[in-house]
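> For reference, the structure I am asking about is given below.
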Amino acid sequence: MNGDTLLLLSLIIALAVPVRAQDEEREVALPFVTLVQPPEAPKLEVAPLSAERIQEIEELIRNLSGATRKDLGINSRMHGSVFVPVGEFGMNGDWTGKKVDDISEPVRRLIEIGPDALPFLLEALEDDARTEIPIQSVETMGAIAGGMAFDERTHGNPVNPLEQSTLALNRYGYSSIRPQDEFSVAAEMESYRVKVGDVCFVIIGHIVGRDYNCLSSPHVKSSGVQVSSPVHRKKLRGQIRKIWDTKTPRQRVLESLLLDFSTHGILQWKSLDFWHVGNDFQIESTKRLLYYYPDFAVPVIVARITNLKTTEDLYDDCIRNGVYSGNFVDAIAWSDKEEIKSALAELGQRAKEAGLIQTLKRAGIQMPDNTVRPDKPTKRR
């Protein structure tokens, strides 16, 4: 091989590396969601909490020292989640109606109280009281055994301006982890005892519909576990407080949920593979809107049901509606509001897609006889 050939190969390699890196950076930074006409949030009346309610919240937070490992897993979201006050949702997003029995009572009650508990949970992010949850470095959440280290990983919606500016979101899953982060985890410690402030972090995520996990693996191929602890990481603590700390927590959470409710997935390569990111934001927000803000949410949700388009093709329905109708029905199936039941009954009269029909039946909606049909394959899936 002569000198000219070697020089040419060197130039090709030198040029190829940055181009490949740029392509990878661009790929992970693709926009997967967009904001579509969010409903206007009403100005909520601000009423001070009673002394009894404040005392209850503060006592519940003190009792988080008895939290269990199950309490750390309540924010698993994609294609299967729980919303503690109303029950479990299955791996395909369907509402199972099963009560979440293995959550400790202080965690359950704080989530039920919801936005009113937010200021107290934010204040307690520094609470270093020990819980009964020890974690060993070899317990790597299913990953290869490896190291354990503190991290600042969190989750947000890029259409929310406050979250986008605070977390610099730029990655699928919309995590604050940078794309160039390595998959391996440094061996910073051999064990960790979860703190009350860490559990508060998890509870805040559940209330606002965010994947705030205390323990995580940075990648499926990772060796090790990352501990996102607001107790030990001032930056993480500051970010969460900047996003959610306000004198009007009910207003802040409502406005955030309405942005999530209006977050639609962007179609990638004629596939629903990444489109579901927007769908998931909508589904999680719908559950919380209906539970925490029923007076406002019911007419908004009824209008959404009324405007759902339904054909025999799942793909077309998802693209036209901006949400998978079956997931949307499951997200509200637990509600006993008559207006919602009536709107679902009307949807049942015109439902055509097999999955939606099955979902409506699961919700207890009486379906016309002519809706019973075999599953029909959808196009371009």
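Take the sequence shown: its letter number 112 is residue 1396 in my numbering, and every next letter is one higher.
Virtual Cβ for every residue (Gly too), placed ideally from N, Cα, C.
#1: Would Asp1566 be called buried (16 or more neighbouring beta carbons within 10 Å of its own) or exposed?
#2: To which residues of the same chain is Arg1310 closer than 8 Å at the C-beta, ignoring the five residues directly before and after it?
#3: Would you check if there are 3 or more beta carbon pairs closer than 8 Å linking the stretch 1644-1654 to the stretch 1623-1632?
#4: Exposed or buried, Pro1332, counting other C-beta atoms within 10 Å across all chains shown (16 or more means buried)?
#5: Closer than 7 Å, CB to CB, is Gly1357 near chain C or not?
#6: Is it right to say Lys1571 is buried, meaning 16 or more other beta carbons lie within 10 angstroms of its own, or is it exposed?
#7: Just to check my reading of the structure: Ser1349 and Val1480 have Cβ atoms closer than 8 Å, yes? What is that Cβ distance to the nearest angstrom?
#8: Among all the DSSP beta bridges, which residues are the ones paired with Glu1372?
#9: Can you check DSSP and say which residues form a bridge with Gln1510?
#10: Looking only at its own chain, which residues have a Cβ that is under 8 Å from the Cβ of Glu1410, when we skip the five neighbours before and after it?
#11: Kindly indicate which residue of Ala1452, Leu1541, Asp1579, Glu1436 has the alpha-carbon position closest to the one of Val1509.
#12: Is Lys1382 closer than 7 Å to Glu1372 when the C-beta atoms are compared?
#13: Does Lys1554 come out as helix, strand or coil in the three-state DSSP assignment?
#14: Can you tell me the Cα-Cα spacing of Cys1484 and Leu1405, whole angstroms?
#15: Bridge partners of Pro1418, per DSSP?
#16: Give me, in chain order, the residues of the same chain whose beta-carbon lies closer than 7 Å to that of Val1320; leave out the 5 immediate sequence neighbours on both sides.
#17: For Leu1538, collect the residues of the same chain with a Cβ closer than 7 Å to its Cβ; drop the 5 residues on either side in sequence, then sort them by chain order.
#18: Pull up the distance between the alpha-carbon of Asp1529 and that of Ile1585, whole angstroms please.
#19: Between Leu1451 and Asp1614, what straight-line distance do the alpha-carbon atoms span, to the nearest angstrom?
#20: Could you tell me whether the Cβ atoms of Val1370 and Trp1618 are closer together than 7 Å?
#21: Go ahead and label Asp1557 buried or exposed: buried means 16 or more other beta carbons lie within 10 angstroms of its beta carbon, across all protein chains shown.
#22: To the nearest angstrom, how far is it from the Cα of Arg1392 to the Cα of Val1368?
#23: In whole angstroms, give me the CA-to-CA distance for Leu1402 and Asp1653.
#24: With which residues is Val1317 paired in a DSSP beta bridge?
#25: Return the chain-ordered ranges of every alpha helix (DSSP H) run that is complete within the stretch 1566-1610 and spans a minimum of 4 residues.
#26: Less than 8 Å between the CB atoms is what I'm expecting for Pro1399 and Pro1533, so what's the real figure, rounded?
#27: If you draw a straight line from the C-alpha of Gln1523 to the C-alpha of Thr1438, how long is it?
#28: Is Gly1610 closer than 7 Å to Val1317 when the C-beta atoms are compared?
#29: Given a cut-off of 7 Å, decide if Lys1625 and Val1582 are closer than it, judged by their beta-carbon atoms.
#30: Measure the Cβ-Cβ separation of Leu1344 and Pro1390 and say whether it is below 7 Å.
#31: How many Å lie between Gly1639 and Ser1540 at the Cα?
#32: Helix, strand or coil: which one does DSSP assign to Asp1544?
#33: Considering just the uninterrupted stretch of the alpha helix (DSSP H) at Arg1521, what are its terminal residues?
#34: Less than 7 Å between the beta carbons of Ala1635 and Thr1594, yes or no?
#35: Below 8 Å on the Cβ atoms is my guess for Leu1253 versus Ile1616; work out the distance and round it to an integer in Å.
#36: Please list the terminal residues of the continuous alpha helix (DSSP H) segment that includes Gly1632.
Straight from the coordinates:
#1: The question names Asp, but residue 1566 is Gln in the sequence shown. Under this definition Gln1566 is a buried residue.
#2: With a pLDDT of 35 at Arg1310, under the threshold of 50, the modelled position of this residue cannot be trusted; read the value that follows with caution. Closer than 8 Å at the Cβ level, and outside the excluded window around Arg1310, lies no residue.
#3: yes
#4: exposed
#5: Looking for chain C here will not work: only one protein chain is present.
#6: buried
#7: 6 Å
#8: Val1366
#9: Ala1433, Ser1500
#10: Gly1481, Pro1514, Val1515, Arg1521
#11: Glu1436
#12: yes
#13: coil
#14: 5 Å
#15: Arg1477
#16: Ser1546, His1548, Gly1606
#17: Ala1325, Leu1328, Tyr1577
#18: 28 Å
#19: 31 Å
#20: yes
#21: exposed
#22: 7 Å
#23: 48 Å
#24: Gly1549
#25: 1578-1590, 1598-1605
#26: 5 Å
#27: 9 Å
#28: no
#29: no
#30: yes
#31: 30 Å
#32: helix
#33: 1518-1528
#34: yes
#35: Here the chain covers residues 1285 to 1665 and nothing more, so residue 1253 does not appear.
#36: 1622-1634
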